[in-house]
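Participant: This is the structure I want to talk about, given as structure tokens.
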Amino acid sequence: AQRVTQPEKLLSVFKGAPVELKCNYSYSGSPELFWYVQYSRQRLQLLLRHISRESIKGFTADLNKGETSFHLKKPFAQEEDSAMYYCALRRNQGGKLIFGQGTELSVKP
Amino acid sequence: DSGVTQTPKHLITATGQRVTLRCSPRSGDLSVYWYQQSLDQGLQFLIQYYNGEERAKGNILERFSAQQFPDLHSELNLSSLELGDSALYFCASSARVWEAEQFFGPGTRLTVL
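Going down the list, the protein sequences come from chains G and L.
Using my numbering, you'd call the opening residue of the first sequence number 1 and step up by one each time.
Using my numbering, you'd call the opening residue of the second sequence number 110 and step up by one each time.
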């Protein structure tokens, strides 16, 4: 079965500190992995996808197939990064997204 | 607003009732997805339509049904409502079935009393 696990419900850091939001997945095929973000009172929006290998708002994520992980990282957190972050998996050429439970990131001044 | 729109924003109803949630996809998007977000289950995929046809089904209850109309808007019908159906219901759209990026609507918050 396909599953996405985000072990931390809440992650609290100080501004300027490094951030790592963990995501592990289980899927026997070759999935596509995504990070979605939901800022307060806003809709869910795509932050990163593994195939693009880009950095958005200073965030990066590397797919580690050996460890079946797709952790989201940022070297220096900003207060505006405070939001809910969801890791999601999509089967290769499949439409639906399978989401993790989400991690609330709180960046304190 | 050319993004995904959902109506109503909030819905409060009683157990046993029936409600309809509406979603208009982004202009040009053919695929519509419905997700349910609840405290205990998180964000779960319900159903997907592509150009009017059902494409994939997730953990959607038999009391729930959906359709996509010729103008591509979609409706999610929830009947015989139970307290546990209280949740945030999101609609998302994408250009094609295989399109990776899904664009989400603001959601409809359903409260069943």
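Every residue, glycine too, gets a C-beta built ideally from N, C-alpha and C.
Which chain G residues sit within Cβ distance under 7 Å of P215 (chain L)?
Facilitator: As a first step, residue 215 (chain L) must be located in the second sequence, where it is residue number 106. In chain order: R43.
Participant: Could you name the residues of the same chain whose beta carbon sits closer than 6 Å to that of E32 (chain G), not counting the 5 residues immediately before and after it, in chain order?
Facilitator: One-based indexing of the first sequence puts residue 32 (chain G) at position 32. Closer than 6 Å at Cβ, skipping near neighbours: R90.
Participant: Alpha carbon to alpha carbon, what distance is there between L48 (chain G) and S55 (chain G)?
Facilitator: Taking the first sequence and counting its residues from 1, the one referred to as residue 55 (chain G) is at position 55. Taking the first sequence and counting its residues from 1, the one referred to as residue 48 (chain G) is at position 48. Distance between the alpha carbons of S55 (chain G) and L48 (chain G) is about 8 Å.
Participant: Which residue comes first and which comes last in the beta strand (DSSP E) that contains C23 (chain G)?
Facilitator: Locating residue 23 (chain G) in the first sequence gives position 23, counting from the first residue. No beta strand (DSSP E) holds C23 (chain G); DSSP gives it neither H nor E.
Participant: When DSSP labels each residue in this structure, what does G137 (chain L) get in the three-state scheme?
Facilitator: Indexing the second sequence from 1 puts residue 137 (chain L) at position 28. G137 (chain L): coil per DSSP, three-state reduction.
Participant: Take the Cβ of I98 (chain G) as the centre, count every other Cβ of all protein chains shown within 10 Å, and call the residue buried at 16 or more, exposed below.
Facilitator: Taking the first sequence and counting its residues from 1, the one referred to as residue 98 (chain G) is at position 98. The residue in question, I98 (chain G), is buried, as its Cβ has 16 or more Cβ neighbours within 10 Å.
Participant: Look at the alpha carbon of V19 (chain G) and the alpha carbon of P75 (chain G), and state the distance between them as a whole number of angstroms.
Facilitator: Reading the first sequence from its first residue, position 19 is the one you call residue 19 (chain G). Reading the first sequence from its first residue, position 75 is the one you call residue 75 (chain G). One C-alpha to the other measures close to 6 Å.
Participant: Taking beta-carbon pairs under 7 Å, can you tell me which members of the segment 142-173 of chain L lie near chain G?
Facilitator: The segment 142-173 of chain L vs chain G, Cβ under 7 Å: Y142, G151, L152, F154, Q157, R164, A165, G167.
Participant: Considering only their Cβ atoms, is the gap separating Q177 (chain L) from G161 (chain L) smaller than 8 Å?
Facilitator: Position 52 of the second sequence, counted from the start, is the residue given in the question as residue 161 (chain L). Position 68 of the second sequence, counted from the start, is the residue given in the question as residue 177 (chain L). Yes.
Participant: Can you tell me which of the three DSSP states G151 (chain L) falls into?
Facilitator: Here the question's residue 151 (chain L) lines up with position 42 in the second sequence. Of the three classes helix, strand and coil, the one that applies to G151 (chain L) here is strand, per DSSP.
Participant: Would you mind sorting I156 (chain L) into buried or exposed? The rule is 16 or more other CB atoms within 10 Å of its CB.
Facilitator: The residue given as residue 156 (chain L) occupies position 47 in the second sequence. Per the 10 Å Cβ criterion, buried.
Participant: Around the Cβ of F14 (chain G), are there at least 16 other Cβ atoms within 10 angstroms (buried) or fewer (exposed)?
Facilitator: Here residue 14 (chain G) refers to the residue found at position 14 when the first sequence is read from its first residue. By the neighbour-count rule (16 or more Cβ atoms within 10 Å), F14 (chain G) is not buried but exposed.
Participant: Counting Cβ pairs, one atom from each stretch, are 3 or more of them under 8 Å apart for the segment 115-135 of chain L and the segment 205-222 of chain L?
Facilitator: In short, these stretches touch, since the Cβ pair count reaches three.
Participant: Helix, strand or coil: which one does DSSP assign to L170 (chain L)?
Facilitator: Within the second sequence, the letter at position 61 stands for residue 170 (chain L). Looking at L170 (chain L) - three-state DSSP - the assignment turns out to be coil, as it is neither helix nor strand.
Participant: Going by DSSP in three states, L44 (chain G) sits in which element: helix, strand or coil?
Facilitator: Working through the first sequence from its first residue, we reach residue 44 (chain G) at position 44. Correct three-state label for L44 (chain G): coil.
Participant: Got a sec: is the Cβ-Cβ distance from R49 (chain G) to anything in chain L below 8 Å?
Facilitator: On the first sequence, position 49 is the one that residue 49 (chain G) refers to. For R49 (chain G), the answer is yes, since a Cβ of chain L falls inside 8 Å of its Cβ.
Participant: Got a sec: which bits of the segment 82-107 of chain G sit with their beta carbon under 9 Å from any beta carbon on chain L, in order along the chain?
Facilitator: If the cut-off is 9 Å between Cβ atoms, the segment 82-107 of chain G has Y86, A88, R90, Q93, G94, G95, K96, L97, I98, F99, G100, Q101, G102 near chain L.
Participant: Are the Cβ atoms of G95 (chain G) and A165 (chain L) separated by less than 8 Å?
Facilitator: Your numbering for residue 95 (chain G) matches position 95 in the first sequence. Your numbering for residue 165 (chain L) matches position 56 in the second sequence. Yes, these two residues count as a Cβ contact at 8 Å.
Participant: Within its chain, find whatever has a CB closer than 8 Å to the CB of L197 (chain L); leave out the 5 residues flanking it on each side and keep chain order.
Facilitator: In the second sequence, residue 197 (chain L) corresponds to position 88, counting from 1. Same-chain partners within the cutoff: Q145, Q146, S147, G216, T217, R218, L219.
Participant: Taking N24 (chain G) as the reference, which of G:V107, G:K65, G:E80 has the closest Cα?
Facilitator: The count along the first sequence starts at 1 and reaches residue 24 (chain G) at position 24. If we check each option's Cα against that of N24 (chain G), G:K65 comes out closest.
Participant: Name, in chain order, the residues that DSSP records as bridge partners for I156 (chain L).
Facilitator: Locating residue 156 (chain L) in the second sequence gives position 47, where the first residue counts as 1. DSSP lists L:W143, L:K166 as partners of I156 (chain L).
Participant: Please identify the residue among L:V113, L:S189, L:P179 whose C-alpha is closest to the C-alpha of W143 (chain L).
Facilitator: Counting from one through the second sequence, the residue named residue 143 (chain L) turns up at place 34. Comparing Cα-Cα distances from W143 (chain L) to each of L:V113, L:S189, L:P179, the minimum goes to L:V113.
Participant: Could you work out which residues of chain G lie near A204 (chain L), taking near to mean beta carbons separated by less than 8 Å?
Facilitator: Indexing the second sequence from 1 puts residue 204 (chain L) at position 95. Within chain G, no residue comes near A204 (chain L); the closest Cβ sits about 12 Å away, beyond 8 Å.
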